[in-house]
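Below is one structure; the comments refer to it alone.
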Amino acid sequence: MSQVLSGPVPSEILLVPRGEAGHFLPAALGWLGKRVTVTTQPGPANHVLCLPVLDFVRLGFPEANGRLDLLEPGDAENLRAGRAALLLDLSNEGPGLHAPTFEALHRNLEERAIPRERVILVTQNRLLRLDYERLYGEGLRFWIFEFFPLQVALWLDDAAGPRLFPQHPLDRTGYAPFARAAGPARFLCQNAALRWHRVLLYRWFQLSGLDRDGLISFHGIGEDNPKAGGINVFHAPPEIEAAFGPLLADVGSWIPRRARRIDADQGTDMVMTLDTRAYAACDLTVISETDFFEPGVERITEKSLKAAATGLPFVTVGAPRAVERLSELGFQTFGGLIDHHYDLVPDPAERLPLVFRSIERAWAACRDDRARWHRLAREQAEANVAHARRGLLPQLERVMVAPLIERLNRFMETGAIVH
875 MSQVLSGPVP SEILLVPRGE AGHFLPAALG WLGKRVTVTT QPGPANHVLC
925 LPVLDFVRLG FPEANGRLDL LEPGDAENLR AGRAALLLDL SNEGPGLHAP
975 TFEALHRNLE ERAIPRERVI LVTQNRLLRL DYERLYGEGL RFWIFEFFPL
1025 QVALWLDDAA GPRLFPQHPL DRTGYAPFAR AAGPARFLCQ NAALRWHRVL
1075 LYRWFQLSGL DRDGLISFHG IGEDNPKAGG INVFHAPPEI EAAFGPLLAD
1125 VGSWIPRRAR RIDADQGTDM VMTLDTRAYA ACDLTVISET DFFEPGVERI
1175 TEKSLKAAAT GLPFVTVGAP RAVERLSELG FQTFGGLIDH HYDLVPDPAE
1225 RLPLVFRSIE RAWAACRDDR ARWHRLAREQ AEANVAHARR GLLPQLERVM
1275 VAPLIERLNR FMETGAIVH
């Protein structure tokens, strides 16, 4: 039976929430059973002020002075005196560097005489600290914590999932990768929020004829897609137009006006959902991640974890090192079957054609000899299914949760805030 690994905790961690919604990190530490006390009155002890960001750009909004108006009287004094740390909880996002937002945050901190080195930005993006320090030098502290991947790992875990999320049961009844022995090969690709790489991928499927072979969802620009306003598909950024103009030609004639779904509408819950029937019907999956063209981003989301957990071989349309990150978390990546050379290419204009080529080659091998594909992939597929149920959560504990707890404990004991 899997369990969350936990070492000795020398001191109690005091978390002081400011604001009401969006306290992702305290919720996650509570799920994990960590020795954390959430209180609004910490007294003279060292404590961590938890300020929910929700959306990175809010740190630059004039409203509420970039969220800092959520602080209460005495908080700034405790920060200056070294009794408090200010934790900006962005564990739900992984943005790249946006200088105007950081400069607004710096101004708001200076107006309150809050030292930058007392502020921790918790984010999913591993590159953000490097880009920040390249531009501003030493200042804010950056910690990594990935809320939604952790939530999904808990949900997928055999022991933790039923205990923590009984209202969202994961139905694995009868599921196994490659259980469908008869019929033609098929691949799966699911897309929701409108993003440029998904528009290009959808069109490439059409032009290459692969749309006839796959289960492909794409919500398009219709009113039934609540996230259709993220981009204007009729006005591509210059760098995307220059690199992929032919794919975008006459976009109005082929972009869907109504969502093309392959699963039941789950409303606003896009995290704890997994259409095992769709995966059971397929032999390969194309993971359409959140990030692709965003510079300075290195992360994966729950989308990759859920796809890997099904055991199907995969090609990832995502940020650089997305496949490597899955490997670091203990998943097999089917290197003998899938060409993942695209994964380390930083330039998205170069990476996307390599992704297309990888999909073509993998799909040709799968379609031409489906039985051989199953035979070569089965051991890794079954290992990934088992890892999601019993190994992923302990691995996240080791590589992500334990280091964060160690830093929190060090602050509680010494007042020092380290990267």
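Last residue of the sequence shown: 1293 (the working numbering), numbering continuous. Glycine included, every Cβ here is placed at the ideal spot set by N, Cα and C. It should be emphasised that the depicted structure is a prediction, and the values quoted were computed from it without experimental measurement.
Item: DSSP state of residue 949 mapped onto helix, strand, coil; Value: helix
Item: Contact between the region 1021–1034 and the region 1171–1182 (3+ Cβ pairs under 8 Å); Value: yes
Item: Buried or exposed (CB count within 10 angstroms, at least 16 for buried), residue 965; Value: buried
Item: Cα-Cα separation, residue 1259 to residue 1032; Value: 11 Å
Item: Residue 1280 - DSSP class collapsed to helix/strand/coil; Value: helix
Item: Where residue 1142 falls, given that 16 or more other Cβ within 10 Å makes a residue buried; Value: Its pLDDT being 48, under 50, residue 1142 is placed unreliably in this model, and the value from its coordinates should be taken loosely. Under this definition residue 1142 is an exposed residue.
Item: Collapsed DSSP secondary structure at residue 1082 in the structure displayed; Value: helix
Item: Sequence-distant residues of its chain with Cβ nearer than 7 Å to residue 916 (five each side left out); Value: 888 and 890
Item: When 1020, 987 and 931 are compared against residue 971, the one with the closest alpha-carbon; Value: 931
Item: Buried/exposed call for residue 967, threshold 16 Cβ in 10 Å; Value: buried
Item: C-alpha gap between residue 902 and residue 1058, whole angstroms; Value: 42 Å
Item: The region 1259–1278 contacting the region 1239–1250, beta-carbon criterion three pairs below 8 Å; Value: no
Item: Residue environment, residue 1261, which counts as buried when at least 16 other CB atoms sit within 10 Å; Value: buried
Item: Start and end residues, beta strand (DSSP E) containing residue 963; Value: 958–963
Item: Whole-Å CB distance - residue 1219 paired with residue 1194, under 8 Å assumed; Value: 7 Å
Item: Neighbourhood of residue 1282 by C-beta, 8 Å cutoff - its chain only, sequence neighbours within 5 removed; Value: 887 and 922
Item: C-alpha distance - residue 1123 paired with residue 937, whole-angstrom precision; Value: 40 Å
Item: 8 Å Cβ shell around residue 825 - same chain, five flanking residues per side excluded; Value: What is shown of the chain runs 875 to 1293, which leaves residue 825 out entirely.
Item: Contacting residues, own chain, Cβ-Cβ under 6 Å from residue 958 (five flanking each side not counted); Value: 921, 923 and 952
Item: Rounded C-alpha distance that separates residue 985 from residue 1167; Value: 35 Å
Item: Sufficient close CB pairs (3 or more, under 8 Å) joining the region 1066–1075 to the region 1040–1055; Value: no
Item: Residue range of the beta strand (DSSP E) that includes residue 1017; Value: 1015–1018
Item: Residue 1265 in three-state terms, based on DSSP; Value: coil
Item: Residue 986 in three-state terms, based on DSSP; Value: coil
Item: Own chain partners of residue 1223 with C-beta closer than 6 Å, once the 5 adjacent residues on each side are dropped; Value: 1117
Item: Continuous alpha helix (DSSP H) assignments of at least 4 residues falling wholly in the region 994–1054; Value: 1002–1010, 1021–1030 and 1034–1038
Item: For residue 900, the first and last residue of its enclosing alpha helix (DSSP H); Value: 898–905
Item: CB of residue 963 within 8 Å of CB of residue 996, strictly; Value: yes
Item: Buried or exposed by the 16-neighbour rule on C-beta atoms within 10 Å, applied to residue 1064; Value: buried
Item: Cβ contact check for the region 1033–1042 and the region 1006–1022: 3 or more pairs under 8 Å; Value: no
Item: Between the CA atoms of residue 1161 and residue 950 - distance to the nearest angstrom; Value: 44 Å
Item: For residue 922: DSSP bridge partner residues; Value: 889 and 959
Item: Contact check, residue 1185 vs residue 1256, beta carbons under 8 Å; Value: yes
Item: Nonlocal neighbours in the same chain, by C-beta distance under 6 Å from residue 1030, ignoring five residues either side; Value: 1183 and 1262
Item: Nearest residue (CA-CA) to residue 913, options 929, 927, 893 and 928; Value: 893
Item: Local Cβ density within 10 Å of residue 1179, reported as buried at 16 or more and exposed below that; Value: buried
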